[in-house]
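J.:
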Amino acid sequence: MISAWACYRAALRNYASRAFIIGNPNVYSALAFLVLTPGWIERVAPGLGHGTTDALDHAEFNPLFMAALMGMASIGTYYWRQVGDAIAVTIPGFLAAELHAGLSVVGLLFVLLTIPLLWCGLPAAGSAAFVAASFTFGAGIRPVRGQKPWEKSLRVLLVAGGLLLIFMPRWQVWLLFLPWPLAGGVVALSGALVVLSMTHHVGRTQAEHERAESLADARPIATARPGRARAMFRRLLLWQPARLRQAPLPPTLSRPIGPLGILLSALVSVAVMLILSAVMAAVLSMVNGEAFDRLFLHAARTNLLTLPSLALMGLNNWLMNRKDWPFFFMAGRYGGRLAFARAMFGAYLVNAILTGVGIVAPVMLFEVLLGSVPAAAGGWLGLLLVLMFVGACHGSSVPLLWREQGGKGVTVMAGIAAYMTMALANPVALYRDDHAGAAIVTALSIFVAGLAVSRLAPRQLARMDWPFDGE
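For what it's worth, my numbering labels the leading residue of the sequence shown as 1, then goes sequentially.
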């Protein structure tokens, strides 16, 4: 019988093999952000060496946070791929070995990612708390089968908290300079949450199934029909003009809601971002004694501009899952492979335009209301933002221009590059910095490049194997 130590070593070796990388695009994301870390250190280290945090306050984006978050997400993706199979529970010692190996890699990564922060001159306790919190948010990204409702809710809250820290750098500064007792508490709590996120949940036993079925049979059957207002609201969300109604498409390209539904979802996102900005401003006002209205305006103006970039991240995943494509192609509705590939790109272009208009319209409305840009410039800046969004949405398709480069890893990295371009070259931000000419040229260039990709990539896509075989 294989000893527990041998099982542990075998599980640990897999993290240094190709098995860890295959089908795990989060690894590439973590490496991409890690490459950006030296530049961030170069900007903030001199100021921290002189005892000031001004450089840290104005550094805005901390790539080390995302490197830690995506690193933890990559470990979780591989770990649950190993233990999530039904046969895993039947192998003696397998679950324990995988858990111990996964936690060992988490601990090693924790030490390695804390070193750059210490190199900058940041406090050891705050640095440890920062990396530990980043791991916690990364642990919430991967959905886990068998979790209880409260655990699923906790996972959603962790992901939301991670987004809060990404786009509100002042919270990161606060975390890095926590007193050591509080920092120790953050590390302990984060460690417990990471272990909880990697705890294997075995399916229900037969007795639990029978108990659940008995409770379901005992409940009265609801016969009430949905209210008229609810039904009308649902029809409003789903309504689409005749010209926009789609033929059957793969799930990654089908639109679950219509244009009005997209607009309402965008309004909800704007409201959430404004609430988060208000919470941030209130906390900073109490801590630093600064005026709430000034802090809120600054946070809201900045945070609202992140919504198009977040929407871009969601759309860019359409090429990541092609398993259903052969079934839709064999149905014969689209003709040959090239016609099918062009139809997929055409549907994606329509989705990008609808999403871009739906998210940019409320964002620009509130940017004007908050005084970020004058009303006279709001219209053409909004148009530039939509054009840039549509062009950047084709960023993940760029590797298709080189047929052999169309795999998951490079597709993810191309999507990250598109996201970073959208975030750093936002035409509204450039206009506010008195670079209106650069805003126009950049947005139009990205739009033209995106249209060129949408015309050239389908021919290459038609020649490829659509499912990612073994990747």
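Glycine is no exception: its CB is placed at the ideal position from the N, C-alpha and C atoms.
From a predicted model like this one, the values you see are computed outputs, not experimental measurements.
To the nearest angstrom, how far is it from the Cα of residue 315 to the Cα of residue 194?
T.: Using only the alpha carbons, I get a separation of about 29 Å.
J.: In whole angstroms, what is the alpha-carbon distance linking residue 375 and residue 361?
T.: 13 Å
J.: Does any heavy atom of the ligand HEM sit closer than 7 Å to the C-beta of residue 431?
T.: The ligand HEM is absent from the structure shown, which contains no ligand whatsoever.
J.: By how many angstroms is the C-alpha of residue 432 removed from the C-alpha of residue 293?
T.: Near 19 Å, if we compare the C-alpha coordinates of residue 432 and residue 293.
J.: Work out the CA separation of residue 367 and residue 274 for me, nearest whole Å.
T.: 11 Å
J.: Which of the three DSSP states, helix, strand or coil, is assigned to residue 293?
T.: helix
J.: Going by beta-carbon coordinates alone, are residue 327 and residue 454 separated by less than 8 Å?
T.: In this structure, residue 454 does not lie closer than 8 Å to residue 327 by Cβ.
J.: Which of helix, strand or coil does DSSP assign to residue 371?
T.: Under the three-state reduction of DSSP, residue 371 is assigned to coil, being neither helix nor strand.
J.: Can you tell me whether DSSP reads residue 205 as helix, strand or coil?
T.: Summary for residue 205: the model assigns pLDDT 45, below 50, so the residue's position carries little reliability; its value from the coordinates is reported in the next sentence. DSSP places residue 205 in coil when its eight states are reduced to three.
J.: Once the 5 residues before and after residue 101 are set aside, which same chain residues still bring their CB inside 8 Å of it?
T.: Counting only Cβ-Cβ distances below 8 Å, and skipping sequence neighbours, we find 8, 11, 12, 14, 15.
J.: List, from N- to C-terminal side, the alpha helix (DSSP H) runs of 4 residues or more that fit wholly inside the stretch 19-45.
T.: none
J.: Taking 8 Å as the cut-off, decide whether the C-beta atoms of residue 359 and residue 307 are in contact.
T.: yes
J.: Return the Cβ separation of residue 68 and residue 131 in integer angstroms, given the expectation that the two are a contact with Cβ distance under 8 Å.
T.: 5 Å
J.: Between 65, 17, 20, 107, which lies nearest to residue 32 when the distance is taken from Cα to Cα?
T.: 65
J.: Roughly how many angstroms separate the alpha carbons of residue 185 and residue 270, rounded to a whole number?
T.: In a straight line, the C-alpha of residue 185 is about 33 Å away from that of residue 270.
J.: Please report the straight-line C-alpha distance between residue 104 and residue 135, rounded to a whole angstrom.
T.: 14 Å
J.: Let me know if residue 72 comes out buried or exposed under the rule of 16 or more other beta-carbons within 10 Å of its beta-carbon.
T.: buried
J.: Residue 415: buried (16+ other C-beta within 10 angstroms of its C-beta) or exposed?
T.: Under this definition residue 415 is a buried residue.
J.: How would you label residue 190, buried or exposed, when you count the other beta carbons within 10 angstroms and need 16 or more for buried?
T.: Buried: at least 16 other Cβ atoms inside 10 Å.
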